[in-house]
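Sequence order for the protein chains is F and P. Just so you know, the first sequence maps onto residues 397 to 583 in our numbering. Just so you know, the second sequence maps onto residues 397 to 583 in our numbering. Beta carbons are placed, not taken as given, at the ideal position from N, Cα and C, and that holds for glycine. Report on the following structure.
Number of protein chains: 2
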Amino acid sequence: MQEFLVHGYAATSMDKIAAAAGVSKATVYSHFHDKTGLFTALIQRLACQKELFVLQELQTTQAEPTLALKHFANQMLNNIAADPQILTFIRLVIGESGRFPELAQAFVKNIEKPGIEVLTGYLASHPALQFPDPEVAARAFIGTLIHFVLVGRVLHGETLLPIERERLIDQLLDLIIGSHQRQIHPS
Amino acid sequence: MQEFLVHGYAATSMDKIAAAAGVSKATVYSHFHDKTGLFTALIQRLACQKELFVLQELQTTQAEPTLALKHFANQMLNNIAADPQILTFIRLVIGESGRFPELAQAFVKNIEKPGIEVLTGYLASHPALQFPDPEVAARAFIGTLIHFVLVGRVLHGETLLPIERERLIDQLLDLIIGSHQRQIHPS
DNA sequence: GTCTATACCGCGATAGAC
DNA sequence: GTCTATCGCGGTATAGAC
Numbered sequence: 397m398q399e400f401l402v403h404g405y406a407a408t409s410m411d412k413i414a415a416a417a418g419v420s421k422a423t424v425y426s427h428f429h430d431k432t433g434l435f436t437a438l439i440q441r442l443a444c445q446k447e448l449f450v451l452q453e454l455q456t457t458q459a460e461p462t463l464a465l466k467h468f469a470n471q472m473l474n475n476i477a478a479d480p481q482i483l484t485f486i487r488l489v490i491g492e493s494g495r496f497p498e499l500a501q502a503f504v505k506n507i508e509k510p511g512i513e514v515l516t517g518y519l520a521s522h523p524a525l526q527f528p529d530p531e532v533a534a535r536a537f538i539g540t541l542i543h544f545v546l547v548g549r550v551l552h553g554e555t556l557l558p559i560e561r562e563r564l565i566d567q568l569l570d571l572i573i574g575s576h577q578r579q580i581h582p583s
Numbered sequence: 397m398q399e400f401l402v403h404g405y406a407a408t409s410m411d412k413i414a415a416a417a418g419v420s421k422a423t424v425y426s427h428f429h430d431k432t433g434l435f436t437a438l439i440q441r442l443a444c445q446k447e448l449f450v451l452q453e454l455q456t457t458q459a460e461p462t463l464a465l466k467h468f469a470n471q472m473l474n475n476i477a478a479d480p481q482i483l484t485f486i487r488l489v490i491g492e493s494g495r496f497p498e499l500a501q502a503f504v505k506n507i508e509k510p511g512i513e514v515l516t517g518y519l520a521s522h523p524a525l526q527f528p529d530p531e532v533a534a535r536a537f538i539g540t541l542i543h544f545v546l547v548g549r550v551l552h553g554e555t556l557l558p559i560e561r562e563r564l565i566d567q568l569l570d571l572i573i574g575s576h577q578r579q580i581h582p583s
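Here is the structure:
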């Protein structure tokens with residue numbers, strides 16, 4: 397897996413994989429039919445293990461919504477900061493999503509979908525929040541954070557399009573749930 | 397460029413490129429020093445040409461903000477629907493962003509940055525809108541749309557995590573600029 | 001089950017004629 | 001400037017011994 401993450405699918409050779417695994421090439425081929433079979437098996441497994449979003453806490457927390465969501469956002473960004481392999485994994489899945497659509501769908505199913513669904517459930521069920529469309533609110537929240545990571549970390553745009561993490565999170569929360577001060581045509 | 401878009405960087409051979417261009421391989425090498433030089437030149441050029449966001453209109457429109465933003469969002473999604481090559485281009489740039497960081501930065505500089513900056517300017521300058529942080533509002537708007545495209549089209553998640561485009565746009569606009577009906581602890 | 005050895009092919013890059 | 005021909009290497013996948 398390390399080889400695929402570093403070099404991508406096409407540029408990774410079965411020789412390097414066998415060497416990294418400490419076995420011969422023929423042994424690798426005895427466990428997996430071919431290179432695509434090995435690749436899909438590895439990515440599918442990683443898509444099940446990796447967790448971008450910390451969902452357990454969100455389902456059980458009794459903290460105030462603003463604080464809970466702030467904590468949720470910070471945990472996600474901390475995950476990525478602590479494990480940069482996540483960035484490489486995202487690059488690989490997106491980069492190969494045209495040629496391995498089933499792997500991309502595994503990523504959506506195991507990582508994106510639970511995140512949006514749990515957050516939607518949280519936003520819909522918490523009595524202090526009254527969104528007309530909780531799913532869109534969840535998509536806006538997660539979409540803004542993912543886009544922040546995509547531009548800043550994945551695409552190396554931190555210096556080109558800089559913004560403080562705390563400012564983004566605080567102002568995003570204010571925009572979405574604490575927006576009663578700002579209205580159109582204030583009267 | 398077609399070869400790179402379809403097969404990715406590593407899986408594209410200089411033989412195929414030469415054949416697709418209708419010249420010999422030596423001729424390609426007389427114009428570009430090596431494969432990486434050709435690749436970077438092509439991607440840099442495409443990053444300047446492609447436009448995800450239609451910015452001209454947004455700077456000159458006199459329509460009501462909600463309508464102008466709705467039009468802006470629809471134009472962006474129409475662009476992508478009309479030219480699926482954009483999806484392949486995004487896959488390629490993100491997929492190679494670890495090995496070609498300067499290309500990823502060209503993407504941010506020429507596509508993401510102008511989009512966020514022009515939208516920020518619009519949100520900040522329009523008298524009917526009073527955001528405490530217009531840049532975060534712009535990032536939330538664009539981030540939600542990009543994430544929608546990323547999950548649905550790039551990662552083939554339309555069926556796994558379906559949502560109507562019009563619902564997303566309308567509810568997103570309501571969430572961000574028309575949110576005076578919904579408040580925390582309504583009194 | 002795992003090894004060594006190899007078949008067979010395509011790769012990036014260049015030499016040298018025209 | 002563009003061509004044909006070629007070099008040297010590394011690719012995926014397998015055969016057959018242990």
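* **Beta carbon of leucine 451/F nearer than 8 Å to that of isoleucine 507/F** => The count along the first sequence starts at 1 and reaches residue 451/F at position 55. The count along the first sequence starts at 1 and reaches residue 507/F at position 111. Cβ distance not < 8 Å, so leucine 451/F and isoleucine 507/F don't count as in contact.
* What in chain P is Cβ-close to glycine 517/F, meaning under 7 Å? -> If you number the first sequence from 1, residue 517/F lands on position 121. The premise fails here: glycine 517/F is roughly 14 Å from chain P at the closest Cβ pair, so nothing lies under 7 Å.
* Asked: At least one CB of chain P closer than 8 Å to the CB of arginine 563/F: is that the case?
  -> Walking along the first sequence from the start, residue 563/F turns up at place 167. Using beta-carbon distances, arginine 563/F counts as an interface residue toward chain P, with a partner under 8 Å.
* To do: Can you pull the chain F residues whose beta carbon is under 7 Å from the beta carbon of glutamate 560/P, in chain order?
  => Looking up residue 560/P in the second sequence gives position 164. In chain order: nothing, as chain F lies at least about 10 Å away.
* To do: For methionine 397/F, count neighbouring Cβ atoms within 10 angstroms of its own Cβ and tell me buried if that reaches 16, exposed if not.
  => Locating residue 397/F in the first sequence gives position 1, counting from the first residue. By the neighbour-count criterion, in which 16 or more other beta carbons inside 10 Å mark a residue as buried, methionine 397/F falls on the buried side.
* According to the neighbour-count rule (16 or more other Cβ atoms, all chains shown, within 10 Å of its Cβ), is proline 582/P buried or exposed? -> Position 186 of the second sequence, counting from 1, holds the residue named residue 582/P. With a pLDDT of 40 at proline 582/P, under the threshold of 50, the predicted position of this residue should be treated as unreliable, and no value is reported.
* Please confirm if lysine 412/P has its CB atom under 8 Å from at least one CB of chain F. => The residue you call residue 412/P lines up with position 16 of the second sequence. No, lysine 412/P does not count as interfacial toward chain F.
* **C-beta contact flag for glutamine 440/F and histidine 552/P at 8 Å** => Mapped onto the first sequence, residue 440/F falls at position 44. Mapped onto the second sequence, residue 552/P falls at position 156. Cβ distance not < 8 Å, so glutamine 440/F and histidine 552/P don't count as in contact.
* Asked: Between the C-alpha atoms of alanine 409/F and tyrosine 518/P, what's the straight-line distance to the nearest angstrom?
  -> Working through the first sequence from its first residue, we reach residue 409/F at position 13. Working through the second sequence from its first residue, we reach residue 518/P at position 122. Sequence check: residue 409/F is serine here, not alanine. Straight-line Cα distance between these residues: approximately 50 Å.
* Asked: CB-CB under 8 Å to arginine 438/P, same chain, minus the five flanking residues each way: which ones, in chain order?
  -> Working through the second sequence from its first residue, we reach residue 438/P at position 42. First, the amino acid is wrong: residue 438/P is leucine here, not arginine. Met397 and Phe400, listed in sequence order.
* When the Cα atoms are used, what is the spatial distance from glutamate 560/P to valine 545/F? -> Within the second sequence, the letter at position 164 stands for residue 560/P. Within the first sequence, the letter at position 149 stands for residue 545/F. About 25 Å.
* To do: Reducing DSSP to helix, strand and coil, say where methionine 410/P ends up.
  => On the second sequence, residue 410/P is found 14 positions in, with the first residue counted as 1. Note: methionine 410/P maps to helix in three-state DSSP.
* **C-alpha gap between valine 504/P and glutamate 492/P, whole angstroms** => The residue labelled residue 504/P in the question sits at position 108 within the second sequence. The residue labelled residue 492/P in the question sits at position 96 within the second sequence. If you draw a straight line from the Cα of valine 504/P to the Cα of glutamate 492/P, it is about 14 Å long.
* **CB contact flag (leucine 499/P, valine 489/P, <8 Å)** => On the second sequence, position 103 is the one that residue 499/P refers to. On the second sequence, position 93 is the one that residue 489/P refers to. In this structure, valine 489/P lies closer than 8 Å to leucine 499/P by Cβ.
* Using the rule of at least 16 other Cβ atoms within 10 Å of the residue's Cβ for burial, across every protein chain shown, is leucine 557/P buried or exposed? -> One-based indexing of the second sequence puts residue 557/P at position 161. Looking at its Cβ environment, which holds 16 or more other Cβ atoms inside 10 Å, leucine 557/P is buried.
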